[in-house]
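Data first, discussion second: the structure below is written as structure tokens.
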């Protein structure tokens, strides 16, 4: 259930593009932006499909808002293509939920699952790996 006075995001593309924008400022800056973006969405119930909100998150991440906007605007088409290419690659690899976890490039857990399912998958992987190593 969405809580708060702000409406929920209408779609995730603007946030994905903003994340790519933040990445152009370096890994540490991207990580800071990513963490603030998740907090804005999951804890503060902010609309991260809003351009104004994404710029506010950039400012909170110590990114100059004018530079952020310039990079985002200049690279909008390229970033959009990258996001859709990555989305299609995920679909082609069987990922149809978030998170998508791949173990040893062979086992996929798609979507939110209970911790026990991760344990079972890891134990299954270990059994297979041990058999392969002992063969």
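In the working numbering, the protein residues as written are 2 to 136.
We treat Cβ as the ideally placed atom computed from N, Cα and C, and that holds for glycine.
Nearest-angstrom Cα separation, counted from residue j out to residue i
i, j, result
"residue 133", "residue 106", "15 Å"
"residue 21", "residue 69", "11 Å"
"residue 80", "residue 48", "20 Å"
"residue 135", "residue 119", "24 Å"
"residue 100", "residue 84", "16 Å"
"residue 19", "residue 102", "23 Å"
"residue 124", "residue 93", "26 Å"
"residue 13", "residue 88", "12 Å"
Backbone secondary structure at residue i - three-state DSSP
i, result
"residue 108", "strand"
"residue 103", "strand"
"residue 26", "coil"
"residue 47", "coil"
"residue 35", "helix"
Where residue i falls, given that 16 or more other Cβ within 10 Å makes a residue buried
i, result
"residue 44", "exposed"
"residue 72", "buried"
Does the segment 57-67 come close enough to the segment 25-37 to have 3 or more Cβ pairs within less than 8 Å?
The segment 57-67 vs the segment 25-37: in contact.
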